[in-house]
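Visitor:
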Amino acid sequence: MHKDCDKHYFKKPEFYRLTGENNYVRIDAEDKVTGHGQYVGDIMFPDMLTGKMVRSPYASAKILSIDTSEAEKLPGVKCILTARDFEWKSLVGNGEFAAEFADKEVLCSEKVRQVGDDVAAVAAVDEETAQRAADLIKVEYQVLPGVFDPFEAMEENAPEVNWEGKGIHNIGMQSVMKAGTDIDEEFDRASYVQHRDYKTHRMVHAAMEPHGAVATYRNGTYTIWMSTQMSFVDQFWYARCLGVGENQVRVIKPLVGGGFGGKLDSYSFGLCAAKMAEMTGRPVRMILSREEVFQTTRNRHPIYMHIDTAFGTDGKLLAKKCYHVLDGGPYGGSGVAACAQSTLWANFPYKMNSVDFLARRVYTNNPSAGAMRGYTACQVHFAHDLNMQFAADQMGIDPVEFRKISAADPGYVAPAGLAITSCAYKETLDTAAKEIGWYEKKDKLKKGEGIGFAGTGFVSGTGFAVLEAPNQSSACVTLRMNKRGMATLYIGSHDIGQGSDTVMTAIVAEELGLPMDMVKTFMSDTFLTPWDSGSYGSRVTFLAGNAARRAAVDAKRQLFEVIAPMWGVMPETLECLDGKVISKEKAEYQMSIGDAMFKYMTVKGGDELIGVGSYYHRTDNSQYNGNNTTNYAPAYSFSTGAAHLTVDEETGVLDIDEFVFAHDCGRALNKRAVEGQLEGSIGMGLGYAVYEHNVTREGKILNPNFRDYRLPTALDMPKMRTFYDFTPDEEGPLGAKEAGEGSAAPVAPAIANAVNMATGVYFTELPLDPEHIWRALHGMKDDRNSK
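Here the UniProt record's numbering is used: the first residue of the sequence shown is 1, the next is one more, and so on.
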């Protein structure tokens, strides 16, 4: 699973001093709270130009001509780009491994496929001039028929959106997961079978920082500072589109003000900034407006789900069939693996004998969809957990006990190949039920009052396994120690606000027995740090954390092999603790790490010790567009959410009194940070369930700003209590699993199940805003998600 690393040198838990409690604060905290932290928008150069994109007002149209003459006459305009300025039609996508699925032009040459599609770019001396120039560029279009419903898009007579003439009509991706016993026999012997339909809506990431980039071109090298989750992927695509080698493109990630998956794609604006920097010889700054972020970057997939489920007489889940249809918009990007991910989540968190899952990601002319916190887990768990709740109600079994009947256990291997190692799902169910007061309250609930539960599972440390991309499930780290015992960590993974650079620093400091301020961490610079595929799939702590630990262990081993003979002991009997190298067998032998490093340099020569660590989770039997069965991740997390709420039947307004969250994240490396992640998940899940909804008409978002797009505020947040730290995972770095992504998935279904109990109406669509609830209570159809 990883590069050889002698685990004899791994620090034992009894020697942990730093991780596991609240013993350290984030290393970027002071810079952020004092305003000294540098985001893309803070990067300034003399003579810097401002860039703006020219975008299509139509969802589907043919480009007849582009006239830039009036814009070129405007004083202060320095550069205008169109598609002809880039190499070989310049497609961009998501990861070198998925190059065959690249389907987005940097600038559209012949056709636009969504409102806001990139048509041209301009650089000028200031923002006002750049915007005036963009408005002066005349693009003549022939408007074409669009398609905005994924089911209509799959019909033979529907307009082709993308990949014209290739594959199945408007089906960009398809995933099949079929495994286990004979599924027809399982349904035949079932005592209860149900058939249900569910639908989720479009949502945006709403990160505080909009997307942006600053680019320079000097001595044949492009340098791009960008708010991104995949700097090495950006480097690959940008080099390809610019017609140069990757050694001529440097991508640096400064502080990022939130990503949540929205900065996972390679977008055109950064590439255009780089090209215009080359053509003008001046730095170019390109920051998207909030409206551009809403309309033109990726958002959460709306998914339509049909589920057939078979249960035994005791309530045991026997088998499941499901059909998922994802509205992907016109492009692939980070949506390339969304189909397979959606079938993956349908396995969790229950045992069953047989599965038959089919998912299709359909091209439409709606806004492009991609990765968002959970990568389809929030949509799929909403449907599949409501499905379990409905079955429990129909079979007359307590919903907590019903979930426990089929709950996954440690050592369970799912029919689709998922191998569960550590698992405390049942414990999270018990904790959530106890803390919400389920058994005391369930028979005393008043009219309009409800308690709802939801259970979910998620990956810890995955890549795009379904696309057979081996390096996506790996991480590599280098560590340098100087003669005074100070360590410098170089890591390619991305801190996008979640605090992973602090966690990496803490892991290394723990293993080397150093205080945090003696470890400096550099992340995500494609010229300085090792390659990394990015921040997604809850891979950073697990994969990069394991690599960082192994780099520290590699450094320890080299140091111990020099010191041990001086003391007449074996190297593996030494340890680094409290700033010292000590003998675990002979207490009288100890010295400071600085002195030990000086002796190391005396023996070995030179001024540094270099440790290298890598970690690799190998996935087998993965076949895209075939039978998608594989063990997606080295470990899995499990969660239970519980919501206690009341619904005003006159207005449809719901009031959440309390939300209890129990999450099996392995061993929490910093409890305060884990609590922040879980509480943030509740907030984002609440927004998804109740408040947030991208309203679209013929591909245009009608509420593309924070004035019209309703985000939950502090006043909307319920009382929250979080519980975690259930089962340390043997494979996880210092026992850790994920805590910040899968934790978002149980919130919406828990709220929906509580609303269903409170009203007696089974809601199967999101969002559960007052209008939706009121209409359902009064027998009126809510068709706002119909397109």
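Think of the CB as a built atom: it goes at the ideal place given N, C-alpha and C, for glycine as much as any other residue.
1. Leaving out five residues before and five after M518 in sequence, what residues of the same chain have Cβ atoms less than 6 Å from its Cβ?
2. How many Å lie between K404 and A662 at the Cα?
3. In the DSSP assignment, find the alpha helix (DSSP H) that holds I563 and state where it starts and stops.
4. Which partner residues of F661 appear in the DSSP bridge assignment?
5. I'd like the list of long-range same chain contacts for L577, defined as Cβ closer than 8 Å, with 5 residues on each side in sequence excluded.
6. By the three-class DSSP mapping on this structure, what secondary structure does Q235 have?
7. Does DSSP put E698 in a helix, in a strand, or in coil?
8. Near V569, what residues of its chain come up, given a Cβ to Cβ distance below 8 Å and the 5 sequence neighbours on each side ignored?
9. Among Y600, E650, L543, W567, which one has its Cα closest to the Cα of K556?
10. On the DSSP letters alone, give me the boundaries of the alpha helix (DSSP H) that A748 sits inside.
11. On a Cα-Cα basis, can you pick out the residue from P770, G328, D655 that is closest to G699?
12. Run the CB neighbour count on A714, radius 10 Å, all protein chains shown included, and call it buried at 16 or more, exposed below.
13. Tell me whether L218 is buried or exposed, calling it buried when 16 or more other Cβ atoms sit within 10 Å of its Cβ.
14. Which ranges does the beta strand (DSSP E) cover as unbroken runs of at least 3 residues, wholly within the region 86 to 164, from first to last along the chain?
15. Whole-angstrom Cβ separation of F402 and N753, contact assumed at under 8 Å?
16. Do you know how far the Cα of V54 is from the Cα of E186?
17. What's the gap between the Cα of L669 and the Cα of G606?
18. Spatial neighbours of D117 within its chain, please: C-beta separation below 7 Å, excluding the five flanking residues on both sides.
19. Inspect the beta-carbon positions of Q379 and G740 and report whether they are closer than 8 Å.
20. Below 8 Å between beta carbons: does that hold for L288 and G212?
21. Thinking T431 and F723 are a contact (beta carbons under 8 Å), I'd like their distance in whole angstroms, please.
22. Can you say whether E575 is buried or exposed, counting buried as having 16 or more other CB atoms within 10 angstroms of its CB?
23. Within the same chain, show all residues whose beta-carbon is closer than 6 Å to that of E561, passing over the 5 residues directly before and after it, in chain order.
24. Return helix, strand or coil for F706, following the three-state DSSP convention.
25. Starting from K434, follow the alpha helix (DSSP H) in both directions and report where the run begins and ends.
26. Using 8 Å for Cβ pairs, my map puts F659 next to A673. What's the rounded Cβ distance?
27. Kindly identify the DSSP beta-bridge partner or partners of A414.
28. From the DSSP output, in three-state form, read off Q174 for me.
29. Determine the DSSP secondary structure at V540, reduced to helix, strand or coil.
30. Nearest to E292 by CA position, among P746, V139, E692, V115, is which residue?
31. Using the DSSP secondary-structure output, state which residues sit across from M305 in a beta bridge.
32. What separation, rounded to the nearest whole angstrom, lies between the Cα atoms of L344 and M276?
33. Helix, strand or coil: how does DSSP classify G396 here?
34. Please confirm whether K253 and H36 have their CB atoms less than 8 Å apart.
35. E226 bridges to which residues according to DSSP?
36. Can you round the beta-carbon distance between M208 and G258 to whole angstroms, since I take them to be within the 8 Å contact cut?
Guide: Quick look at the numbers:
1. The count along the sequence shown starts at 1 and reaches residue 518 at position 518. Only M486 meet the Cβ criterion.
2. Counting from 1 along the sequence shown, the entry for residue 404 is found at position 404. Counting from 1 along the sequence shown, the entry for residue 662 is found at position 662. The straight-line gap from Cα to Cα measures roughly 15 Å.
3. Locating residue 563 in the sequence shown gives position 563, where the first residue counts as 1. First-last of the alpha helix (DSSP H) with I563: 545 to 567.
4. By 1-based counting over the sequence shown, the position of residue 661 is 661. Beta-bridge pairing links F661 to G641, T722.
5. Taking the first residue of the sequence shown as 1, we reach residue 577 at position 577. In its chain, beyond the 5 residues on either side, F15, R17, G513 have a beta carbon closer than 8 Å to the beta carbon of L577.
6. Taking the sequence shown and counting its residues from 1, one reaches residue 235 at position 235. Of the three classes helix, strand and coil, the one that applies to Q235 here is helix, per DSSP.
7. One-based indexing of the sequence shown puts residue 698 at position 698. Coil.
8. Here residue 569 is taken as the residue at index 569 of the sequence shown, counted from 1. Within the same chain, V569 has close Cβ partners S583, E585, K586, Y589.
9. For the purposes of this step, residue 556 is identified with residue 556 of the sequence shown, where counting begins at 1. The residue with the shortest Cα to Cα distance from K556 is Y600.
10. On the sequence shown, residue 748 is found 748 positions in, with the first residue counted as 1. Start and end: 747 to 759.
11. Locating residue 699 in the sequence shown gives position 699, where the first residue counts as 1. Residue G328 is the option with its Cα nearest to G699.
12. By 1-based counting over the sequence shown, the position of residue 714 is 714. Burial call: exposed.
13. Here residue 218 refers to the residue found at position 218 when the sequence shown is read from its first residue. As written in the sequence, residue 218 is Arg, which differs from the Leu given in the question. Label assigned to R218: exposed.
14. 118 to 124, 138 to 143
15. As a working mapping, residue 402 is identified with position 402 in the sequence shown. As a working mapping, residue 753 is identified with position 753 in the sequence shown. Not confirmed; about 12 Å, so no contact.
16. Here the question's residue 186 lines up with position 186 in the sequence shown. Here the question's residue 54 lines up with position 54 in the sequence shown. About 56 Å.
17. The residue labelled residue 669 in the question sits at position 669 within the sequence shown. The residue labelled residue 606 in the question sits at position 606 within the sequence shown. The straight-line gap from Cα to Cα measures roughly 34 Å.
18. Here residue 117 is taken as the residue at index 117 of the sequence shown, counted from 1. In its chain, beyond the 5 residues on either side, R55, S56, C108 have a beta carbon closer than 7 Å to the beta carbon of D117.
19. Numbered from its first residue, the sequence shown carries residue 379 at position 379. Numbered from its first residue, the sequence shown carries residue 740 at position 740. No.
20. Numbered from 1 along the sequence shown, position 288 holds the residue referred to as residue 288. Numbered from 1 along the sequence shown, position 212 holds the residue referred to as residue 212. Yes, these two residues count as a Cβ contact at 8 Å.
21. The residue given as residue 431 occupies position 431 in the sequence shown. The residue given as residue 723 occupies position 723 in the sequence shown. Confirmed, Cβ separation roughly 5 Å.
22. Taking the first residue of the sequence shown as position 1, residue 575 is located at position 575. So E575 ends up on the buried side.
23. Within the sequence shown, the letter at position 561 stands for residue 561. P571, listed in sequence order.
24. Position 706 of the sequence shown holds residue 706. Judged by DSSP in its simplified three-state form, F706 adopts coil rather than helix or strand.
25. Walking along the sequence shown from the start, residue 434 turns up at place 434. 425 to 436 is the span of the alpha helix (DSSP H), which, as asked, contains K434.
26. Within the sequence shown, numbered from 1, the residue matching residue 659 stands at position 659. Within the sequence shown, numbered from 1, the residue matching residue 673 stands at position 673. At roughly 19 Å, the Cβ-Cβ gap does not stay under 8 Å, so F659 and A673 are not in contact.
27. The residue you call residue 414 lines up with position 414 of the sequence shown. According to DSSP, which records beta bridges pairwise, A414 is partnered with nothing at all.
28. In the sequence shown, counting from the first residue as 1, residue 174 sits at position 174. Three-state result, Q174: strand.
29. Mapped onto the sequence shown, residue 540 falls at position 540. Helix.
30. The sequence position of residue 292 within the sequence shown is 292, counting from 1. Answer by Cα proximity: V115.
31. Numbered from 1 along the sequence shown, position 305 holds the residue referred to as residue 305. Bridge partners of M305: Y198, H324.
32. The residue labelled residue 344 in the question sits at position 344 within the sequence shown. The residue labelled residue 276 in the question sits at position 276 within the sequence shown. Approximately 42 Å between the Cα atoms of the pair.
33. Sequence index remark: in the sequence shown, residue 396 carries index 396 (1-based). The answer is coil: DSSP assigns G396 none of H, G, I, E or B.
34. Along the sequence shown, read from residue 1 onward, the residue named residue 253 stands at position 253. Along the sequence shown, read from residue 1 onward, the residue named residue 36 stands at position 36. In this structure, H36 does not lie closer than 8 Å to K253 by Cβ.
35. Position 226 of the sequence shown, counted from the first residue, corresponds to residue 226. A small fix is needed here, since residue 226 is Met in this sequence, not Glu. Paired residue(s): A213.
36. The count along the sequence shown starts at 1 and reaches residue 208 at position 208. The count along the sequence shown starts at 1 and reaches residue 258 at position 258. In this structure, M208 and G258 form a Cβ contact; the two beta carbons are roughly 5 Å apart against a cut-off of 8 Å.
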